[in-house]
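These protein sequence lines are chains H and D, in that order. Per the UniProt record's numbering, residue 1 is the first one in the first sequence, and the count goes up by one each step. Per the UniProt record's numbering, residue 1 is the first one in the second sequence, and the count goes up by one each step. Take a look at the structure set out below.
Number of protein chains: 2
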Amino acid sequence: MSREDPDVIDSVEKAFRLLQSFSAERSAMTVSEAAAATGLTRATARRILLTLERLGFAETDGRSFRLTAGVLRLGYGYLAALPFWEHAQPHMRALSDELRESSSMATLDGGEIVYVARVPASRSMTITLNVGSRLPAYPTSMGRVLLAALPEPELRSYLDSTTLERLTPNTITDPDELRAELRRVAEQGFAVVDGEREEGIRSAAAPVRGSTGRVLAALNVSANAGRVSLEELRGRFVPRLLETAEAITKDIAGLH
Amino acid sequence: MSREDPDVIDSVEKAFRLLQSFSAERSAMTVSEAAAATGLTRATARRILLTLERLGFAETDGRSFRLTAGVLRLGYGYLAALPFWEHAQPHMRALSDELRESSSMATLDGGEIVYVARVPASRSMTITLNVGSRLPAYPTSMGRVLLAALPEPELRSYLDSTTLERLTPNTITDPDELRAELRRVAEQGFAVVDGEREEGIRSAAAPVRGSTGRVLAALNVSANAGRVSLEELRGRFVPRLLETAEAITKDIAGLH
């Protein structure tokens with residue numbers, strides 16, 4: 001984004017930057033801490049924090065500021081507008097119940113996948129990925145499904161601008177090899193990833209399509225490699241995943 | 001919010017207003033439609049939409065604008081900072097599996113409850129309430145639990161500023177009667193609501209507490225009145241709900 005662009009309202013950019021600087025590790029910040037976290041001046045950070053407070057997005061004890069549940073309103077307009085939002089979860093839950101593993105749905109935003117729905121496995125005691133959380137696209141099964149559906153110019157731009165980091169010994173880091181894998185994903189209609197983002201985690205993903213055939217989102221099932229072999233993932237999980245993605249696609253088509 | 005307040009940055013308020021004007025019904029808007037929906041001038045609406053686009057929160061085909069998954073980032077800082085966020089869902093899922101009904105968690109924001117987690121019942125084919133969605137507090141079981149935990153001045157201010165609408169023939173609309181019910185909720189440690197927001201829906205809710213005993217959120221189970229009698233809700237659902245709320249409270253305490 002060009003700093004000189006007259007269409008960009010400077011204070012709006014700063015307000016969003018400050019809002020996004022809150023996190024699990026920085027759940028409450030003083031004016032000074034917010035200024036340090038964002039690179040804004042103290043005066044600007046203070047003005048923005050007070051603005052966020054007046055708008056109901058932050059609260060303060062007079063010293064520290066923290067976000068309120070009001071910020072969830074900001075994402076809700078997007079989620080509510082997703083055609084699959086209301087219809088995917090019962091199917092995902094049935095899939096997760098049957099396979100006893102977690103199932104997620106994600107869309108692509110820039111070079112990252114963004115979780116828009118998630119059904120954790122019953123047994124799961126640690127949930128670290130939830131709606132709104134993000135991962136790089138290239139080493140994940142949902143990312144592969146979404147990248148495989150990109151028009152060529154967008155895929156080229158993604159590959160040109162993305163460093164394929166070796167996150168595990170399995171990660172595909174050669175752009176040509178990734179391209180070949182994405183072609184395979186497009187042809188077979190699903191992706192299988194074996195510990196490329198995190199060792200010991202396997203997952204399979206399939207596309208959910210709109211009525212025109214356009215890929216709207218990716219649906220996945222992921223499992224611990226100690227519990228589920230690659231053969232079981234391909235032989236038992238993938239067929240059920242494809243059926244579920246198809247059922248969601250049909251439900252969505254019925255809406256229009 | 002005073003229009004004259006020098007601490008409120010006008011353009012920030014307008015940007016958030018425009019962002020929140022997107023919805024399921026208005027998932028894509030032209031500059032003119034956005035101006036009409038928000039009361040902003042076309043020039044201002046255009047500048048803000050272009051700003052949102054540059055920041056990755058909106059995309060355009062040259063005519064209409066729609067939100068991107070980028071907006072989910074804005075709410076994620078809040079959710080990630082909730083101490084119960086990662087720990088509640090496995091417990092909620094076990095509860096929902098056992099009772100075969102949906103379970104939700106909500107916090108209070110202004111006079112509304114805001115869903116922060118939700119596990120739909122397997123059988124559910126219509127999910128209309130999801131993370132980030134909002135309901136008035138007074139006619140809901142989670143709202144009653146959260147209102148019952150408010151300090152007296154805040155409760156008084158809530159009752160003074162809220163019109164208790166008769167949403168169904170069952171809704172408590174008398175402030176004194178609501179106060180008495182909230183005292184009962186505080187004493188017994190749970191709330192039961194029978195079709196006060198929507199006829200045919202019954203629910204029970206209990207508080208989830210932080211390590212200091214402060215109520216952080218409300219946990220509920222809701223069911224169709226045709227499937228679950230009030231006796232079953234009280235006799236079978238409430239004890240499991242209380243156990244689950246207690247288990248989540250313990251898990252959170254273990255973190256600190």
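Note that CB positions come from ideal geometry on N, CA and C, so glycine has one too. These numbers come from a predicted model, not from an experiment.
The C-beta separation of H:Glu112 from H:Leu135 comes to about 6 angstroms, placing the pair in contact by the 8 angstroms criterion. Contact between the segment 168-183 of chain D and the segment 207-216 of chain D is not established, with fewer than three Cβ pairs separated by less than 8 angstroms. Under the Cβ distance rule, H:Tyr138 does not count among the residues neighbouring chain D, no pair being separated by less than 8 angstroms. Between the segment 149-156 of chain D and the segment 100-115 of chain H, the count of Cβ pairs shorter than 8 angstroms is below three; the stretches do not touch. About 5 angstroms separates the CB atoms of H:Val145 and H:Ala191; that is less than 8 angstroms, so the two are in contact. Distance from the CA atom of H:Leu19 to the CA atom of D:Arg236, rounded to whole angstroms, is 43 angstroms.
Counting along the chain, H:Asp10 sits inside the alpha helix (DSSP H) bounded by residues 10-20. Take H:Met142, set aside five residues on each side of it, and the residues of its chain with a beta-carbon closer than 6 angstroms to its own are Ala106, Ile113, Ala205, Ala218, Asn220, in chain order. The Cβ of H:Tyr158 sits no closer than 8 angstroms to any Cβ of chain D. Residue contact check for D:Ile248 against chain H: no CB pair falls below 8 angstroms. Linking H:Arg46 to D:Ser222 through their CA atoms gives a straight-line distance of about 42 angstroms.
Listed in chain order, the positions of the segment 62-81 of chain H with a beta carbon within less than 8 angstroms of a beta carbon of chain D are Arg66, Leu67, Thr68, Ala69, Gly70, Val71, Leu72, Arg73, Leu74, Gly75, Tyr76, Gly77, Tyr78, Leu79, Ala80, Ala81.
For H:Arg209, the closest Cβ of chain D is not nearer than 8 angstroms. Remark: C-beta atoms of H:Phe84 and H:Ile201 do not approach each other more closely than 8 angstroms.
Annotated three-state conformation of D:Pro139 is coil, per DSSP. By DSSP's assignment, D:Ala106 forms a beta bridge with D:Tyr115, D:Ala218.
Exclusion of the five residues before and after D:Leu241 leaves Leu95, Phe190, Ala204, Ala205, Ala206, Leu219, Asn220, Val221 as the residues of its chain whose Cβ lies within less than 8 angstroms of its Cβ.
Think of a sphere of 9 angstroms around the beta carbon of D:Ala34: no beta carbon from chain H falls inside it, the nearest being about 12 angstroms out. Judged by DSSP secondary structure, H:Ile201 falls outside any alpha helix (DSSP H) and instead within the beta strand (DSSP E) spanning 201-209. According to the DSSP secondary-structure assignment, H:Asp194 is paired through a beta bridge with H:Arg202. The C-beta of H:Ser104 comes no closer than 8 angstroms to any C-beta of chain D.
Counting other Cβ atoms within 10 Å of its Cβ, H:Gly132 reaches 16 or more and is therefore classed as buried. Linking D:Ala245 to H:Thr41 through their CA atoms gives a straight-line distance of about 43 angstroms. H:Ala58: member of the beta strand (DSSP E) spanning 58-60, first to last residue. With its beta carbon less than 8 angstroms from one in chain H, D:Glu13 belongs to the interface. Apart from sequence neighbours up to five positions away, the residues of its chain that approach H:Gly226 with a beta-carbon distance below 8 angstroms are Gly200, ordered along the chain. Every unbroken stretch of the alpha helix (DSSP H) spanning 4 or more residues and falling wholly within the segment 164-193 of chain D is given here in chain order: 175-188. Looking at the DSSP output, H:Met29 bridges to H:Phe65. H:Ala223 carries a strand assignment under DSSP once its states are collapsed to helix, strand and coil. Measuring C-alpha to C-alpha distances from H:Gly110 to each of D:Arg73, D:Pro90, D:His87, D:Ala247 identifies D:Arg73 as the nearest.
Excluding its 5 nearest sequence neighbours in each direction, H:Val119 has C-beta neighbours in its own chain below 6 angstroms: Met92, Arg93, Ser96, Ser103, listed in chain order. Residues of chain H with a Cβ closer than 7 angstroms to the Cβ of D:Thr107 are, in chain order, Ala69. Proximity of chain D to H:Pro151 at the Cβ level (cut-off 8 angstroms) is not reached, the minimal Cβ distance being about 14 angstroms. If you check the CB distance, H:Glu59 and H:Thr51 do not come in under 8 angstroms. At a cut-off of 8 angstroms, the C-beta of H:Arg47 has a neighbouring C-beta in chain D.
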